[in-house]
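Just so you know, we're using this note's numbering here: the first sequence kicks off at 3 and counts up by one.
Glycine included, C-beta positions come from ideal geometry on N, C-alpha and C.
Nothing here was measured: the structure is a model prediction, and the numbers come from that model.
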Amino acid sequence: MPTPSNPLKAVRGTRDLLPPDTALWNRVESIARSVFSRYGFGEIRTPIFEDTSLFARGVGEETDIVSKEMYTWEDRARAQSEKAQSLTLRPENTAGVVRAYIEHNLGDTGQLQKLFYIGPQFRRERPQRGRYRQFWQIGVEVLGPVTSGSESPLRDAEVLEMLATLLDELGIKGWRLELNSVGSATDRPRYVAALREALAPIKHQLCEDNQRRAETNPLRVLDSKDPNDQALIEALPRIADFLDDSSREHFSQVCVALDACGVPYTINPRLVRGLDYYTRTTFEFTVPSSGDPASGLGTQNALLGGGRYDGLSEMLGGPRAPGIGFAIGEDRLILTLQAQAGAPHLASEMWEKKLDAYIAPLGSKRNAAALALARELRRAGLSVEVGDGAFRLKKSFEAADRVARHIVILGEDELASGILTVKTFATGEQTKIAQADLAQALRA
RNA sequence: GCGGUUAUAGUUCAGUGGCAGAACGCCGCUCUGUGGCAGCGGAUGUCCUGGGUUCGAACCCCAGUAGCCGCCCCA
3 MPTPSNPLKA
13 VRGTRDLLPP
23 DTALWNRVES
33 IARSVFSRYG
43 FGEIRTPIFE
53 DTSLFARGVG
63 EETDIVSKEM
73 YTWEDRARAQ
83 SEKAQSLTLR
93 PENTAGVVRA
103 YIEHNLGDTG
113 QLQKLFYIGP
123 QFRRERPQRG
133 RYRQFWQIGV
143 EVLGPVTSGS
153 ESPLRDAEVL
163 EMLATLLDEL
173 GIKGWRLELN
183 SVGSATDRPR
193 YVAALREALA
203 PIKHQLCEDN
213 QRRAETNPLR
223 VLDSKDPNDQ
233 ALIEALPRIA
243 DFLDDSSREH
253 FSQVCVALDA
263 CGVPYTINPR
273 LVRGLDYYTR
283 TTFEFTVPSS
293 GDPASGLGTQ
303 NALLGGGRYD
313 GLSEMLGGPR
323 APGIGFAIGE
333 DRLILTLQAQ
343 AGAPHLASEM
353 WEKKLDAYIA
363 PLGSKRNAAA
373 LALARELRRA
383 GLSVEVGDGA
393 FRLKKSFEAA
403 DRVARHIVIL
413 GEDELASGIL
423 TVKTFATGEQ
433 TKIAQADLAQ
443 ALRA
């Protein structure tokens, strides 16, 4: 039992993933890799920490993530003349990917870059169900020079359609896609200004939280859930009225393409995202919220979020490289799968899969021969466990029945004759099989 | 950062001022090379930590720590 002051304990907000859960994690990741590769994505792995200024500039100084949730420290100066570098554990992965895009001049290839990543991210938030200080994201970024088609609404629709496919293949039930456009880099500030103007006279009528938001981040007032404020919020200016012609046309083409693919979505004019870099298309996939057994998440019903970031590369000092991406909260995805009864194709089948054989040597003197036999069978592609000859046979049977489909008995008679005793648990049938035929027989 | 709630065996939990408990799991025996069932026996504890009250604290009080739930925010 870990005690509070025991240093041999995972630190707050972090956790160990153990078998059999890790089997589900691997399964999820392998399905994601398989889907991504069908859509032409390649994997990128960026460092787990970066220069602090990358996130300050990319994600936005004013966001909660940067202003109060980052794990930041001063690295040791490499020389006396040098200033210590401020480093930060990545709170998200988009900024790092765009940094790599710029650093390696990927834009000069002229090609559209389709990249995916799977890895841990770090935010110093209060831990809660579906929210950890080290959490995993599965994400995708599509970006490139304008001439590569990176700005095309086709890309937005493709990414969204791919997500629908991925969630379906994972077996997530009841997902909803909510879609919005927050306009171009010039539309958005115009809208925020109009929102502030509209909020100023009515602010005092709003709840405390919304009064604060009206000051700090007016966009967030829009997705307030306070029932008393809904009427006032409804009456606020709508982002759709502030989109310029090209943004409006872009958004409409995304919708047309989704319709053509048969991907269902809901336009949510209040969907705003927290990160500064988002432009035009923004979206969120949700699952039924707390109380619903299909959720597994508490009030954290957002499974993934994303959007377009046409100005991010330039904000970081790079070339123009419009892009779109998303990040799936892998921890939340797993929680949802575990909560949904529909996960058996992933869960029970994976978790309850038994080994092909358990080799039970009789007596410690037979251990070496048992291990050699296991090696032979494993090289033939079978999954095998080896018992210890010191175990009583009864114990070997119990252990074997738990983990394997067959037990292979390796005693004095068997070693002398080369004819092994094999019992199949499902049928209770016991036979003698020559060692040369063993691998084939155990496959059945 | 704020609020609520919880912390006892490997696990899930009961116990509520007076000997530390159950179930499951684990080990052994019945049964020296044949499991699943059954019977019998056994081991396992910083009762989260530190302080206080008391003749006596797992239990009451205070403070910490951590988990969970929610707020904020986000994946």
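By the DSSP assignment, the beta strand (DSSP E) with residue i in it spans what residues?
i	result
Y360	L357 to P363
I46	Taken as a continuous stretch (DSSP letters only), I46 belongs to no beta strand (DSSP E), as it is neither H nor E.
E387	V386 to V388
DSSP has residue i in a bridge; who is on the other side?
i	result
W75	L89
D53	L89
H408	A359 and T426
G307	E286 and A329
S183	T283
R133	Q130
L145	Q115 and G325
If you measure between the beta carbons of residue i and residue j, is that distance less than 8 Å?
i	j	result
L19	W27	yes
R368	L417	yes
F328	L179	no
V61	L277	yes
E71	A86	no
I409	Y360	yes
L169	A34	no
L181	Y267	yes
V289	I140	no
I241	S183	yes
G389	A362	yes
L305	R334	yes
W138	E332	yes
Y119	I46	yes
V194	F38	no
A166	V30	no
L357	A406	yes
P155	V274	no
What is the DSSP secondary structure of residue i, counted as helix, strand or coil?
i	result
L208	coil
W177	coil
E163	helix
P122	strand
A296	For A296, the predicted structure reports a pLDDT of 49, less than 50, and the residue's modelled location is therefore unreliable. The matter cannot be settled from this model.
A323	coil
E351	In this predicted model, E351 has a pLDDT of only 49, less than 50, meaning its place in the structure is not dependable enough to derive any value.
E400	helix
Q442	helix
K11	coil
T268	strand
L232	Per the sequence shown, residue 232 should be read as Gln rather than Leu. Residue state, collapsed to three classes: helix.
P346	With a pLDDT of 46 at P346, under the threshold of 50, the predicted position of this residue should be treated as unreliable, though the coordinate-derived value follows. Helix.
Q340	helix
Q139	strand
F244	helix
E217	helix
A392	coil
V274	coil
A376	helix
P4	For P4, the pLDDT reaches just 37, beneath the cut-off of 50, and the residue's location in the model is therefore unreliable, although a value from the coordinates is still provided. The answer is coil: DSSP assigns P4 none of H, G, I, E or B.
D18	coil
A200	helix
A195	helix
L172	helix
G62	helix
R80	coil
K367	helix
Alpha helix (DSSP H) containing residue i: first to last residue?
i	result
T433	Here T433 belongs to no alpha helix (DSSP H); instead the beta strand (DSSP E) covers Q432 to A436.
H252	D247 to C263
V37	D23 to R40
I417	Looking at the sequence shown, residue 417 is not Ile but Leu. First-last of the alpha helix (DSSP H) with L417: E414 to S419.
V99	T96 to E105
L224	Looking at the DSSP string, L224 is not in any alpha helix (DSSP H), and its letter there is neither H nor E.
D66	D66 to K70
S315	L314 to M317
Verify the contact flag: residue i, CB atom, against every heavy atom of the ligand NAP, threshold strictly below 7 Å.
i	result
R381	Inclusion of the ligand NAP in the displayed structure is not the case, the ligand content being empty and no account of it being possible.
Legend entry - the region 275–285 / the region 245–260 touching (three or more Cβ pairs under 8 Å): The region 245–260 and the region 275–285 touch, with three or more beta-carbon pairs separated by less than 8 Å.
Inset, instruction - Evaluate contact between the region 224–232 and the region 118–130, counting only Cβ atoms and requiring at least three cross-stretch pairs below 8 Å. - result: The region 224–232, when compared against the region 118–130, does not touch it at the 8 Å Cβ threshold.
Legend entry - At least three beta-carbon pairs within less than 8 Å, the region 308–319 to the region 197–207: Because the criterion of three Cβ pairs below 8 Å is not met, the region 308–319 and the region 197–207 do not touch.
Inset, instruction - For the region 102–117 and the region 136–147, state whether three or more C-beta atom pairs, one from each stretch, are separated by less than 8 Å. - result: Contact annotation: the region 102–117 touches the region 136–147, with at least three C-beta pairs closer than 8 Å.
Legend entry - At least 3 beta-carbon pairs within less than 8 Å: the region 80–95 vs the region 47–65: Counting C-beta pairs with one atom in each stretch, the region 80–95 and the region 47–65 have three or more that are closer than 8 Å, which means they touch.
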